[in-house]
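S.K.: Numbered continuously in our numbering, the sequence shown closes out at residue 295.
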Amino acid sequence: MTDQPWQWDEKTWRGHVEHVRAGRPLRPAAWPGGAKVAVALSFDSDHETPALRDGDVLPGKLAQGEYGARVGVPRILKLLRKYNAPASFFVPAVSALLHEGEVKSYVDAGHEVALHGWIHERNTALTETEERDLAFRAADVLEGLAGTRPVGIRTPSWDFSAHTLAITRELGLTYDSSLMADDDCYELLENGEPTGVVELPVEWIRDDAPYFMMDRFASLRPYTPPRGVLSIWRDEFDAAYADGGIFQLTMHPHIIGHRSRLTVLDELLDHIAGHDGVWFATHAQIVDHVRQELK
Ligand SMILES: [Zn+2]
């Protein structure tokens, strides 16, 4: 293989694209109970793990993550209870081990617990063996704490290595939620072959992190006020409702769990709950429903 992309032959560039690709769209004819929209709320309970992953082990940065577990999670669980809305929590294993009882608190409240790496590792920097080992160890930890083995994965930072899909299949997972080739679910193809693995797609537009994160020493600053984010997410929901599709959100307890932001999430859920035919469901429940299309 030549080095420069403009020198690649067709087999090479086509091969890169076809390694992991969207297959069959999985938009069901109807949602359960005749609902008009499926609402898939998710929270990535990263807490301290991105700082630890970066080797940033001083108390300042770790405390920002600790806030997510101490303050964000209880507020989020209370808010979800208010709307009777089951959600999915993607939890790095180290995060689950650091915060005793948190995974159980999700399960006891009827939420889903799913994979989100070992320590929020960068899977593209790992060997295949390391990535597989961490994924299997993480599944064992979550199974031990939740009582059931996770059925889905969201890769840390949505990164996908050359081996991620193969490892997802080895783990026997029914879905991934890290890719972006549609607004609705689709089946993942690996080198052109159907895998039976469902993708429940994400998007940075529907993630709290890009709107709110800041770094004191870099130029990274929040550029959208919370009420600006509310209007974007409300438009996303209204259009998903009109389409009869999925409205999916990715949030983080240490980011969305702050007062001015959770107020906005409360207003968004109030707007959503004011519609007829809203199905609040976990990612696993939505995937179970659309998988009927695969049969
Ligand atoms: Zn994460």
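All residues carry an ideal CB built from backbone N, CA and C; glycine is no exception.
Predicted model, so just to flag it, every value in this text is computed and none were measured.
Check whether the Cβ of D44 sits closer than 7 Å to any heavy atom of ligand 1, and report yes or no.
M.R.: Yes.
S.K.: Taking DSSP as the reference, what is the three-state secondary structure of S177?
M.R.: For S177, the secondary structure class from DSSP, reduced to helix, strand or coil, is coil.
S.K.: Which residues in the same chain as L188 place their Cβ atom closer than 6 Å to its Cβ, once the five residues preceding and following it in sequence are excluded?
M.R.: Listed in chain order, the non-local C-beta contacts of L188 below 6 Å within the same chain comprise T195, V197, E199, local neighbours out to five positions each way being set aside.
S.K.: Quick one: what's got a C-beta closer than 7 Å to I167's C-beta in the same chain, skipping five residues either side?
M.R.: E131, R132, A135
S.K.: Hey, out of A125, T12, E170, C185, whose CA is closest to Q285's CA?
M.R.: C185
S.K.: Could you name the residues of the same chain whose beta carbon sits closer than 6 Å to that of F90, not counting the 5 residues immediately before and after it, in chain order?
M.R.: D44, A114, H116, R154
S.K.: According to DSSP, is V73 part of a helix, a strand, or is it coil?
M.R.: helix
S.K.: Going by beta-carbon coordinates alone, are V141 and Y175 separated by less than 8 Å?
M.R.: no
S.K.: Just curious, the beta strand (DSSP E) that I119 is in, first and last residue?
M.R.: Unbroken run through I119: none, as it is neither H nor E.
S.K.: From D297 to E128, what does the alpha carbon distance come to, in whole angstroms?
M.R.: Only positions 1 to 295 of the chain appear in the structure, and residue 297 is not among them; the question remains open.
S.K.: Just the Cα atoms here: how many angstroms apart are G244 and T49?
M.R.: Computed Cα separation, rounded: 36 Å.
S.K.: Could you name the residues that DSSP lists as bridge partners for P194?
M.R.: L189
S.K.: Do V107 and G147 have their beta-carbon atoms positioned less than 8 Å apart in this structure?
M.R.: yes
S.K.: Give the C-beta separation of P210 and V264 to the nearest angstrom, bearing in mind that I take them to be a contact with Cβ-Cβ under 8 Å.
M.R.: Contact annotation, P210 with V264: C-beta distance approximately 15 Å; criterion of less than 8 Å not satisfied.
S.K.: Out of L220, I76, H99, which has the shortest C-alpha to C-alpha gap to R261?
M.R.: I76
S.K.: Look up L79 in the DSSP assignment and say whether it is helix, strand or coil.
M.R.: helix
S.K.: Are the CB atoms of G39 and F247 nearer to each other than 8 Å?
M.R.: According to the sequence displayed, residue 39 carries Val and not Gly. Cβ atoms of V39 and F247: closer than 8 Å.
S.K.: Taking Cβ to Cβ, would you say D54 is nearer than 8 Å to H254?
M.R.: no
S.K.: Evaluate P92 with the Cβ neighbour count: other Cβ atoms within 10 Å of its Cβ, from every protein chain shown; 16 or more gives buried, anything less gives exposed.
M.R.: By the neighbour-count rule (16 or more Cβ atoms within 10 Å), P92 is buried.
S.K.: Grab the span of the alpha helix (DSSP H) containing L52 for me, first residue to last.
M.R.: 49–53
S.K.: Cβ atoms of A87 and L80: under 8 Å apart, would you say?
M.R.: yes
S.K.: Of the choices Y223, G274, T224, T282, whose alpha-carbon is the least far from that of L249?
M.R.: T282
S.K.: Any heavy atom of ligand 1 inside 7 Å of the beta-carbon of P210?
M.R.: no
S.K.: Tell me whether P253, by its Cβ, gets closer than 7 Å to a heavy atom of ligand 1.
M.R.: No, the Cβ of P253 stays beyond 7 Å of every heavy atom of ligand 1.
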